[in-house]
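Residues 6 to 562 in this note's numbering are what the sequence shown lists, from first letter to last.
We put the beta carbon where it would ideally sit given N, CA and C, even for glycine.
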Amino acid sequence: MTPDDLSRALFDLVTAMVERRRQAGAEVELALSPEQILLERPKNRDHGDWASNIAMRLAKPLGSNPREIATELAAGLAGVDGVTSAEVAGPGFINVRLDAAAAGALAKAIVDAGAAYGRTEKLAGERINLEFVSANPTGPLHIGHTRWAALGDAISRVLRAAGADVANEYYINDAGNQMDNFGLSVLAAAKGEPTPEGGYPGSYIADLATRVLEREPNLLALADDIALHTAKEIAYELQLGEIRESLERFNVHFDVWTSERRLHAKNDDGLSDVDTAVERLRAQGHVYDEDDAVWVRTTDFGDDKDRVIRRGNGVYTYFAADAAYYLDKGDRGFGHKIYLLGADHHGYVHRLKALAGAAGDDPERDIEVLIGQLVSINGAKLSKRAGNIIELDDLQAWLGTDALRYTLARYPADSPLTIDPEILTRRTNDNPVFYVQYAHARTSAVDRNAASVGVDRSSFAPELLEHETESALLGALQEFPRIVAQAAELREPHRVARYIEELAGLYHRWYDNCRVLPLGEEPIGDLHRTRLWLNDATGQVIRNGLDLLGVSAPERM
Numbered sequence: 006m007t008p009d010d011l012s013r014a015l016f017d018l019v020t021a022m023v024e025r026r027r028q029a030g031a032e033v034e035l036a037l038s039p040e041q042i043l044l045e046r047p048k049n050r051d052h053g054d055w056a057s058n059i060a061m062r063l064a065k066p067l068g069s070n071p072r073e074i075a076t077e078l079a080a081g082l083a084g085v086d087g088v089t090s091a092e093v094a095g096p097g098f099i100n101v102r103l104d105a106a107a108a109g110a111l112a113k114a115i116v117d118a119g120a121a122y123g124r125t126e127k128l129a130g131e132r133i134n135l136e137f138v139s140a141n142p143t144g145p146l147h148i149g150h151t152r153w154a155a156l157g158d159a160i161s162r163v164l165r166a167a168g169a170d171v172a173n174e175y176y177i178n179d180a181g182n183q184m185d186n187f188g189l190s191v192l193a194a195a196k197g198e199p200t201p202e203g204g205y206p207g208s209y210i211a212d213l214a215t216r217v218l219e220r221e222p223n224l225l226a227l228a229d230d231i232a233l234h235t236a237k238e239i240a241y242e243l244q245l246g247e248i249r250e251s252l253e254r255f256n257v258h259f260d261v262w263t264s265e266r267r268l269h270a271k272n273d274d275g276l277s278d279v280d281t282a283v284e285r286l287r288a289q290g291h292v293y294d295e296d297d298a299v300w301v302r303t304t305d306f307g308d309d310k311d312r313v314i315r316r317g318n319g320v321y322t323y324f325a326a327d328a329a330y331y332l333d334k335g336d337r338g339f340g341h342k343i344y345l346l347g348a349d350h351h352g353y354v355h356r357l358k359a360l361a362g363a364a365g366d367d368p369e370r371d372i373e374v375l376i377g378q379l380v381s382i383n384g385a386k387l388s389k390r391a392g393n394i395i396e397l398d399d400l401q402a403w404l405g406t407d408a409l410r411y412t413l414a415r416y417p418a419d420s421p422l423t424i425d426p427e428i429l430t431r432r433t434n435d436n437p438v439f440y441v442q443y444a445h446a447r448t449s450a451v452d453r454n455a456a457s458v459g460v461d462r463s464s465f466a467p468e469l470l471e472h473e474t475e476s477a478l479l480g481a482l483q484e485f486p487r488i489v490a491q492a493a494e495l496r497e498p499h500r501v502a503r504y505i506e507e508l509a510g511l512y513h514r515w516y517d518n519c520r521v522l523p524l525g526e527e528p529i530g531d532l533h534r535t536r537l538w539l540n541d542a543t544g545q546v547i548r549n550g551l552d553l554l555g556v557s558a559p560e561r562m
């Protein structure tokens, strides 16, 4: 019996209870689905396999004492196949105990479900735009971008596992002064001149200059303005290409790459997306003119001050592009927009939410801004090529993709993080990614060894899974769908990492106590075969969890 099966049984009992009260003349207003009947694992396993507080939640709408409701539901549960007991505890908790066969049946259900186990439809119908990384195309990706790449991709994966339609989007900041300074830096390097004031340091600029000259050998013979434009455009193309390649090597894939320049480009009517955005906000009644500038009344939506969208000289501010970009996402059919931003973007939260309100959206429902914190690495060598930063490519070569991605997704986004490479490069149990991957490799080794001696999954007798470590392992396996749903709802993929670490520990303890393979001349029996199902179910869940984090599940280590 899975937790969903038990929730459904409780839902049916609640539905019948409500109907009896209505037939008795009571007016009951209650909208409930099986998904809303939450089950938890009791901290003290002596209290049973599952606990529910549904009786306390029903007390007000039913106008009854929660213990009375719990007693009625517990009596009904006692007659459900697979339930050995249902007891009322405290103010109205229902503690449920399953028989070994019902609990053990989960192992086969997981193996049969395969990669689909843990996936739900809780967010089905939601179209979500998830923007992350979005680094300026003026240099290589650094350690901060690396964290947002790993975290953003993991968030996307858990959202998809919960049924959402998610588009990963990268916003290319390819307009404005930083691009001009980038072009000036590359052109200066091509001329053999020092980095200009406000320019970009690092030998990567010299490398780009060399490649620009290879592409355009006559660069230095061009007029100054043409030379600057040419150097900037070629270097931009090359640097953006490097960023794309770095992310692909890191197994982070974007569905959409949106250029800021496109938002400023004029159409056949002489209007840009930015022009149109300003007029759309004006039509909503949230734009006004003052001191020759154009303002958006963002204070109407909780911002600390109104924002200038076009200066007196006619030049648009960055906020104008933000507005056009936000509206563009809505025009593409995304009802929910998530922005994953760095620690230096706290000031953006209120203005983006105010922008959503000015656009006619619900700032609390339609837009979400996640702020990540800083990350550092003990003993990391700064990249001279990139001007004293730690590059993604260097990190990946040093620590490996799996170790890096797992570690960066293992902690909440809003927690500062210091990575210890000494731990990550160890093949010991204090290295979390090794610990989990080794558990998966061990399940694969059991599979291979079982096949070599003739143990297969030709029979399944779940009632034989009675050892305490089997009960604990099955209990943890039951939790996986809830963990995935919770990770998606809260945008916290680190919950998946912590879960599979706990699962790996339970598996290792089970492995030490329960043999899958026969010993010596012992004949192969149903217990061996059934334990192979449990072994394979555990491997499947670890594999599914690692996949949600973008980490491989090796079969040998």
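inquiry  = Taking the straight line between their C-alpha atoms, what separation do you get for H150 and R415?
reply    = 16 Å
task = For V438, write down the residues that DSSP places opposite it in a beta bridge.
result = Paired residue(s): none; V438 is not in a bridge.
Validate contact between the segment 544-555 and the segment 443-452 using beta carbons, cut 8 Å, 3 pairs = yes
task = Please name the residue or residues paired with D333 in a DSSP beta bridge.
result = D333 pairs with nothing; no bridge assigned.
message = Looking at the strands, I want to know which residues DSSP matches up with N318.
response = The partner list for N318 (beta bridge, DSSP) is empty, contrary to what the question assumes.
ask   = Between the C-alpha atoms of D554 and R220, what's the straight-line distance to the nearest angstrom?
value = What sits at residue 554 in the sequence shown is Leu, not Asp. Distance between the alpha carbons of L554 and R220: 39 Å.
query = Count the other CB atoms within 10 Å of the CB of E526; is the residue buried (16 or more) or exposed (fewer)?
reply = exposed
Through-space distance from R487 to Y330, alpha-carbon basis = 35 Å
inquiry  = Quick check on I248: does DSSP put it in helix, strand or coil?
reply    = If DSSP states are grouped into helix, strand and coil, I248 belongs with the helices.
ask   = Are the CB atoms of A75 and A60 nearer to each other than 9 Å?
value = yes
key: Rounded straight-line distance, which links the Cα of F255 to that of A172   = 18 Å
request  = Within the same chain, show all residues whose beta-carbon is closer than 7 Å to that of E506, passing over the 5 residues directly before and after it, in chain order.
outcome  = Cβ neighbours of E506 within its own chain (closer than 7 Å, five residues either side excluded): P437, Y440 and V441.
ask   = Expressed to the nearest angstrom, what Euclidean distance is found between the alpha-carbon atoms of A455 and L522?
value = 6 Å
request  = Compare the Cα-Cα distances from E373 to each of R356, A91 and H147 and report the closest residue.
outcome  = Residue R356 is the option with its Cα nearest to E373.
Whole-angstrom distance between G123 and L224, CA atom to CA atom = 57 Å
Under the three-state DSSP convention, the category A64 falls into = helix
query = Quick one: Cα of T572 to Cα of S251, how far?
reply = Here the chain comprises residues numbered 6 to 562, so residue 572 is not present and cannot be evaluated.
ask   = Rounded to a whole number of angstroms, what is the C-alpha to C-alpha distance between D399 and I160?
value = Cα-Cα distance, rounded: 24 Å.
request  = Within 10 angstroms of the Cβ of I248, are there 16 or more other Cβ atoms? Answer buried if so, exposed if not.
outcome  = buried
key: Three-state secondary structure (DSSP) of E34   = In the displayed model, E34 falls within coil according to three-state DSSP, outside both helix and strand.
Own chain residues within Cβ distance below 8 Å of P201, not counting five before or after = N186, L189, S190 and A193
request  = May I ask which residues mark the beginning and end of the beta strand (DSSP E) holding H341?
outcome  = For H341, the enclosing beta strand (DSSP E) covers residues H341 to L346.
Bounding residues of the beta strand (DSSP E) (the contiguous stretch that carries F98) = F98 to L103
key: Extent of the continuous alpha helix (DSSP H) to which A466 belongs   = First-last for A466: undefined, no H or E at that position.
inquiry  = Do A270 and S277 count as a contact pair if the criterion is CB distance below 9 Å?
reply    = yes
message = Short of 6 Å in beta carbon distance, which residues of its chain neighbour S38, apart from the five on each side in sequence? Order them along the chain.
response = none
inquiry  = Any beta carbon from chain D within less than 9 Å of Y175's own beta carbon?
reply    = In the structure shown, chain D does not exist; there is a single protein chain.
ask   = Around the Cβ of T412, are there at least 16 other Cβ atoms within 10 angstroms (buried) or fewer (exposed)?
value = buried
task = Grab the span of the beta strand (DSSP E) containing I395 for me, first residue to last.
result = That residue, I395, is in no beta strand (DSSP E); it is neither H nor E in DSSP.
key: the segment 77-85 touching the segment 42-55, judged by at least three CB pairs closer than 8 Å   = no
query = Roughly how many whole angstroms lie between the Cα atoms of D274 and D9?
reply = 56 Å
request  = With a cut-off of 8 Å on the beta carbons, I'd call P47 and N100 a contact; round off their distance for me.
outcome  = 6 Å
Own chain residues within Cβ distance below 7 Å of A110, not counting five before or after = M6 and P467
ask   = Skipping 5 residues on each side, what residues in its chain have a beta carbon closer than 8 Å to that of A83?
value = S90 and A91
inquiry  = Quick test of the definition: if touching needs 3 or more C-beta pairs under 8 Å, does the segment 257-264 touch the segment 315-327?
reply    = Contact annotation: the segment 257-264 does not touch the segment 315-327, with fewer than three C-beta pairs closer than 8 Å.
query = Is the number of C-beta pairs between the segment 358-378 and the segment 330-344 that are closer than 8 Å three or more?
reply = yes
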